[in-house]
Amino acid sequence: MANDAGRRNIWIANPADGDTGLRRITDHTRDDGLLLADLQWGLGSAALLYVAGSITTGGRAPDLRGDGEGAAPAEIRLTVIESGDTRTIAAGYAPLVSPAGHSIAFVDAQDLRIARIDALHPPFTACSVAGTISGLSWSPRGDKIAFASAHDGQSRIGVFDLAERSLSWIDNDGAFDIAAAWSADGAGVAFIRLLEPDAETYSGRPEGLPWSIRTAGVGHSASRCIWTAYTGPGSVFRSFEHGPALLWRTNGTIIFGWERTGWLQLHSVDVATGAVANLTPGQGEIFSVASCPDRRSLLFSSNHGNLDGRRLWRLEPGKGAPVALTNADAVTDRPVACRNGRVFALQSSSANPLRPVAIDGDRRLRCLASPLPRWLADLAPPEQLCFQARDGTDIHAQLYLPQGADAAQPVPAIVHFHGGPARQMLGAWHVIETYHQQYGLNQLLVDRGFAVLSVNYRGGTGYGLSFREPADFGLSGASEYLDVEAAAHFLRGRAEVDPNRVGAYGVSYGGLLVSLGLARASHLYAAGVVCAGVADWSALFPEAEQDSAPARLARSASPVSDTASWRSPALLIHATDDRVVPLQQTIDLREALRRESDAAIEMLLIEREQHDLQLASSCATLFDAIADFFERKLGRAIEPVTVDRRGADGPPLSEMTRPQNGTVP
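Position in the sequence shown (first residue = 1) + 115 = this note's numbering.
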């Protein structure tokens, strides 16, 4: 999937004989927010299935333009490659093509539905459940489908038999069972059992009730435990950023991720004996996992050897150490393996946005997308660095300097805090759309003459369990504020930076950190932009618990508790249809500042948009507002270098900040 200034389209490439055979198979011509996802081959390689539209939240689809045309609920489409003909199969999402490629299973609200895609038969409803359905998994023969169904604080594994048109459940004893995976012969199902829901707490949770892996025979409701996590580090389940949680191999082992060492690493457990082995030891964590067709080897991305990067590896358990497929000088992620041994992935660098690449058996790498504009080579390269917070925590960051910045001509600087918080900014265009945008915005600010420090604060991924789940984090004490403070001190100590003109911006959780910085350290931050940030953690507690000790602690960890000391000017930005962080959070922050502070506060509402902006025009509005605000409040010490970024050389930087990513077939 490629995004050209909001016009999302699907492209296919045929890397045979050295020719990419690149061509577009959809024809979307408007910046309308139409999302495309879940690309999969069907009917062998004769057709492509995908989801078009948005999954509804709160019973309604987003109407981005206010004209009714942008309100496109998710539907599953099929495009025939040879003719280009496209038809809609049904409303729904999370499609999964059967092993033979002739059927799909998908979810529509609380229904599991199945459709033949080699004929025009309407889909049928396999079963309806009271809760939500997730984690669809076809049996190897394509005669059964396993899935997880969550309802009323528990989740159980169901198995639907297509031949019998019957549904059976695996007993769960009130636990939270997820992530079903089939054995190679289709005789058994493995799954993960949690004793507490897998939910973000925003308070740091390094330990908990140990999770386990269980197996059950097909047709049997009882299961047996084959492995249980130890107490202490790794007792809380942590999923990969992308890919299946369990891979049942042909040799009778199951591959899974575990943080026993303090790092999310691949392990194997022998189903018969319970013997466990760490397959990826050392400092580094796994981000994406993909099975190879032989069900013996697998691909993964990790930051082993460079905590601030990502590269691809191939591993065949029992056949030696993982083999690196890509170099550390580029970010490579989201691998897909083919039967002929070729690997596809997404790759980027500090200058080159995310592109699909093919990796042959000899590790020869070819880009499958069209050439990039030449001006991208002029983007500011990052300086990867580390500084310490006052409690001794090491904080990783990337520093981008505009051309001409030096001690004789110091420039204003901006600190960037990502969202999540369980994310990691890289010194390259990001694989996740929101952070791809923010990387582009950072480069745009550098182009306007600002130094930019992008901070990987505690609570983020990439640096181990103890860094991601720190003490007194979030609503339990806001220890991440120490990193906000340390970032400002670091920049103020750089000779290229004017210490009196340091600002900050952040989106979502990053917006929360900017608010904390302005509320508690206006002497360090001269201005800030808060985008969709949480202002008051206590809003998560019901009214009856507002006077409880946890709610009082949450409020004291929130920006609204320190608005009286907020002195720096700020721009508050929020999308009006945000269903992740309610708009009311920003309204409450503005009202608290009006009551308790004399700071100059501006506010921008982006009408009808979502938490993660979907229209390129909305991104342009956001970027222009942020850059304009900092130019007015911090000024500009040097004129940016002017580069012709239109015409044959491609679009301007503001149009390169939308991702060119997706699933590589």
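We put the CB at the ideal spot given by N, CA and C, even for glycine. The structure displayed is predicted, hence computed values, not measured ones.
Unbroken stretches of the alpha helix (DSSP H), 4 residues or longer, contained in the segment 576–631: For the segment 576–631, whole alpha helix (DSSP H) runs of length 4 or above, ordered along the chain, are 580–583 and 596–607.
Exposure of residue 646, with buried meaning 16 or more beta-carbon neighbours within 10 Å: The residue in question, residue 646, is buried, as its Cβ has 16 or more Cβ neighbours within 10 Å.
Status (buried if at least 16 other CB within 10 Å, exposed otherwise) for residue 223: Classification for residue 223: buried.
Residue 698: CB within 6 Å of a non-hydrogen atom of the ligand MN: Looking for the ligand MN in the displayed structure turns up nothing, as the structure carries no ligands at all.
C-alpha distance - residue 555 paired with residue 327, whole-angstrom precision: Each residue's Cα considered, the two are about 41 Å apart.
Minimum C-alpha distance to residue 249 - residue among 272, 402, 335 and 418: Looking at 272, 402, 335 and 418, the one whose alpha-carbon comes closest to that of residue 249 is 272.
Where residue 518 falls, given that 16 or more other Cβ within 10 Å makes a residue buried: Residue 518 sits exposed, since fewer than 16 C-beta atoms from the chains shown fall within 10 Å of its C-beta.
Nearest-angstrom beta carbon gap, residue 532 and residue 572 [assumed within contact, 8 Å]: Right, the Cβ-Cβ distance comes to about 6 Å (below 8 Å), so this counts as a contact.
Cβ neighbours of residue 523 in the same chain (closer than 6 Å, five flanking residues each side left out): The answer is none, since no qualifying residue turns up.
Cβ-based burial, residue 395 [other Cβ within 10 Å; buried from 16]: It counts as buried.
Top-ranked residue by Cα proximity to residue 667, from 678, 652 and 680: Measuring from the Cα of residue 667, the nearest candidate turns out to be 652.
Chain-order list of residues whose beta-carbon lies under 7 Å from that of residue 769 (same chain, five-residue window excluded): Caution applies to residue 769, whose pLDDT of 38 falls short of 50 and renders its modelled position unreliable; the value that the coordinates give is listed next. Cβ neighbours of residue 769 beyond the five flanking positions: 559, 735 and 738.
Distance between beta carbons of residue 322 and residue 351, contact taken as under 8 Å: The Cβ separation is near 6 Å, so the contact holds.
Spatial distance of residue 477 from residue 414 (CA atoms): Distance between the alpha carbons of residue 477 and residue 414: 15 Å.
Neighbourhood of residue 650 by C-beta distance below 8 Å, restricted to the same chain and skipping five residues each side: Around residue 650: 627, 630, 673, 674, 675, 700, 701, 703, 704 and 707.
Cutoff 7 Å; reference residue 542; Cβ partners in own chain excluding five residues on either side: Excluding residues within five positions, the ones whose Cβ falls inside 7 Å are 423, 465, 497, 499 and 513.
Where residue 217 sits in the DSSP three-state scheme: Residue state, collapsed to three classes: coil.
Reduced DSSP category for residue 560 - H, G, I as helix; E, B as strand; rest coil: Taken through DSSP and simplified to helix, strand or coil, residue 560 comes out as helix.
Residue 167, DSSP secondary structure in three states: Reduced to three states, the DSSP call for residue 167 is strand.
Whether residue 685 touches residue 716 by CB criterion (7 Å): Less than 7 Å separates the beta-carbon of residue 685 from that of residue 716.
Reference residue 468; option with closest CA among 154, 636, 588 and 545: Ranking 154, 636, 588 and 545 by Cα distance to residue 468 puts 545 first.
7 Å CB neighbourhood of residue 758 in its chain, flanking five on each side removed: The pLDDT assigned to residue 758 is 41, lower than 50, so where the model puts this residue is not dependable; a value taken from the coordinates is nonetheless given after this. These residues qualify, in order along the chain: 490 and 493.
Per-residue DSSP class, three states only, for residue 498: Shown here, residue 498 sits in a strand according to DSSP, grouped into three states.
Whole alpha helix (DSSP H) elements within the segment 687–765, 4-residue minimum: Qualifying alpha helix (DSSP H) stretches, in chain order: 698–711 and 731–749.
Complete runs of the beta strand (DSSP E) confined to the segment 335–415 [at least 3 residues]: Runs of the beta strand (DSSP E) inside the segment 335–415: 339–343, 361–363, 368–373, 380–385, 391–393 and 401–406.
In DSSP terms, what residue 327 is bridged to: For residue 327, the beta-bridge partners assigned by DSSP are 308 and 343.
Beta-carbon proximity list for residue 428, same chain, < 6 Å, skipping 5 on both sides: In the same chain as residue 428, and ignoring 5 residues on each side of it, the C-beta atoms closer than 6 Å to its own belong to 415, 437 and 439, in chain order.
Collapsed DSSP secondary structure at residue 491 in the structure displayed: Three-state result, residue 491: helix.
Bounding residues of the alpha helix (DSSP H) (the contiguous stretch that carries residue 151): In the DSSP assignment, residue 151 falls outside any alpha helix (DSSP H) and lies within the beta strand (DSSP E) extending over 151–157.
Straight-line gap, residue 756 to residue 536 (C-alpha atoms, nearest Å): With a pLDDT of only 46 at residue 756, under 50, the local geometry of the prediction cannot be trusted, and the value read off the model is given with reservation. If you take the alpha carbons of residue 756 and residue 536, they lie about 34 Å apart.
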